[in-house]
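Asks: Got a structure for you, written out below as structure tokens; questions coming shortly.
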Amino acid sequence: MSDPDEGIGGDTPQAIRKLQPGRLVIASHNPGKVREIRALLGPYGIEPVSAAELDLPEPDETGTTFVANAELKALQAADLSGLPALADDSGLCVEALGGDPGIFSARWAGETKDFGVAMRRVEDKLAALPPETGRDAHFVCALALAWPDGHVEWFEGRADGVLTWPPRGEHGFGYDPVFVPNGHDVTYGEMDPAEKHAMSHRADAFRQLVAAVF
4 MSDPDEGIGG DTPQAIRKLQ PGRLVIASHN PGKVREIRAL LGPYGIEPVS
54 AAELDLPEPD ETGTTFVANA ELKALQAADL SGLPALADDS GLCVEALGGD
104 PGIFSARWAG ETKDFGVAMR RVEDKLAALP PETGRDAHFV CALALAWPDG
154 HVEWFEGRAD GVLTWPPRGE HGFGYDPVFV PNGHDVTYGE MDPAEKHAMS
204 HRADAFRQLV AAVF
């Protein structure tokens with residue numbers, strides 16, 4: 004992981020290096036995630052290209068935190084492409100499940116990335132707990148921006164809410180159809196994408212990144 008002083012997310016991020024306009028690799032093979040990141044980068048003169056478009060391999064996510072996995076993915080993509088690379092590692096943390104699925108959120112969907120299976124697994128685990136068990140949960144998004152020389156800036160965002168069942172909505176991806184953010188009565192899956200982009204965990208991390216590197 005990079006030195007703690009090199010791009011700490013928070014209210015007043017202080018980036019050491021600024022990102023210049025031009026090509027930027029989005030170090031992800033997840034089409035929904037790439038689509039959201041492209042929309043968020045649109046206003047800043049960045050030309051996003053996904054890791055899938057460049058035929059870059061997906062690294063094993065061996066980190067024990069969201070930040071560590073984001074850094075791992077960004078550094079590999081920057082090294083292989085010779086371009087700055089932005090990686091996102093995000094997931095759903097359910098308080099009653101001790102923070103699971105957490106960094107294993109994608110893996111709970113299995114090799115076929117079937118998030119219907121993942122959502123059902125979360126629900127089954129909650130249903131096995133006492134009826135009074137709370138359904139509080141939060142999404143975390145860690146963004147790591149890496150350059151080919153190994154420099155990294157990182158930022159972490161969060162969105163709190165509660166889980167609902169059954170899943171609702173056709174928008175978004177992943178666990179979005181079962182997550183109702185605080186202050187709302189609809190799931191991420193029911194929200195217009197622009198509304199989600201304005202207040203999600205990914206949007207929170209992006210606000211920090213934009214303030215620091217642009």
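Numbering (our numbering), first residue to last: 4 to 217.
C-beta: ideal position from N, C-alpha, C; glycine also.
This structure is a prediction, so every number in the text was calculated from the model and none was measured.
1) Leaving out five residues on either side along the sequence, give the residues of the same chain with a beta carbon under 6 Å from the beta carbon of valine 213.
2) Just verifying my parser: in three-state terms, what is the DSSP assignment at arginine 26?
3) Among residues of its own chain, excluding the 5 on either side of glycine 105, which ones have a beta-carbon nearer than 7 Å to its beta-carbon?
4) For proline 134, count neighbouring C-beta atoms within 10 Å of its own C-beta (all shown protein chains included) and say buried if the count is 16 or more, exposed if not.
5) Under a three-way DSSP split, which group does leucine 174 fall into?
6) What residue range is occupied by the uninterrupted beta strand (DSSP E) comprising proline 34?
7) Whose C-beta lies closer than 7 Å to the C-beta of leucine 22 among residues of the same chain, with five residues either side of it excluded?
8) Any beta-carbon of chain C closer than 7 Å to the one on serine 93?
9) Nearest to alanine 162 by CA position, among Pro151, Ala90, Tyr191 and Gly48, is which residue?
10) What is the DSSP secondary structure of isoleucine 19, counted as helix, strand or coil?
11) So, helix, strand or coil for glycine 13, using DSSP?
12) What do you reckon, are the CB atoms on glutamate 193 and glycine 172 nearer than 7 Å?
13) I believe valine 70 touches alanine 145 by the beta-carbon criterion, under 8 Å. Please report the beta-carbon distance rounded to the nearest angstrom.
14) From aspartate 58 to valine 155, what does the alpha carbon distance come to, in whole angstroms?
15) What separation, rounded to the nearest whole angstrom, lies between the Cα atoms of arginine 41 and leucine 89?
16) Is it buried or exposed for asparagine 72, if we count other Cβ within 10 angstroms and need 16 for buried?
17) If you scan the segment 168–215 from start to end, which runs of the alpha helix (DSSP H) of 4 or more residues do you find wholly inside it?
18) Determine whether the beta carbon atoms of glycine 85 and proline 151 lie at a separation below 7 Å.
19) Helix, strand or coil for leucine 129, going by three-state DSSP, please let me know.
20) What residues are listed by DSSP as bridge partners for isoleucine 49?
21) Looking at the secondary structure, which residues open and close the alpha helix (DSSP H) in which aspartate 82 lies?
22) Once DSSP output is grouped into helix, strand and coil, what is the label at tryptophan 150?
Replies: Checking against the coordinates, here is how it stands:
1) Contacts found: none.
2) Note: arginine 26 maps to strand in three-state DSSP.
3) Gly94 and Cys96
4) exposed
5) The question names leucine, but residue 174 in the sequence shown is histidine. Three-state result, histidine 174: coil.
6) Note, proline 34: premise wrong, no beta strand (DSSP E); alpha helix (DSSP H) at 34–44.
7) Pro87, Leu148, Val216 and Phe217
8) In the structure shown, chain C cannot be found, because there is only a single protein chain.
9) Tyr191
10) Coil, per DSSP.
11) Note that glycine 13 scores 41 on pLDDT, short of 50, meaning its location in the model is unreliable and no value can be drawn from it.
12) Yes, the pair counts as a contact, with Cβ atoms nearer than the cut-off.
13) 4 Å
14) The alpha-carbon atoms of aspartate 58 and valine 155 are separated by roughly 22 Å.
15) 11 Å
16) By the neighbour-count rule (16 or more Cβ atoms within 10 Å), asparagine 72 is buried.
17) Taking only runs of at least 4 residues, the alpha helix (DSSP H) segments lying wholly in the segment 168–215 are 196–202.
18) yes
19) helix
20) Gly25
21) 69–84
22) The three-state reading of DSSP puts tryptophan 150 in coil, since its state is none of H, G, I, E or B.
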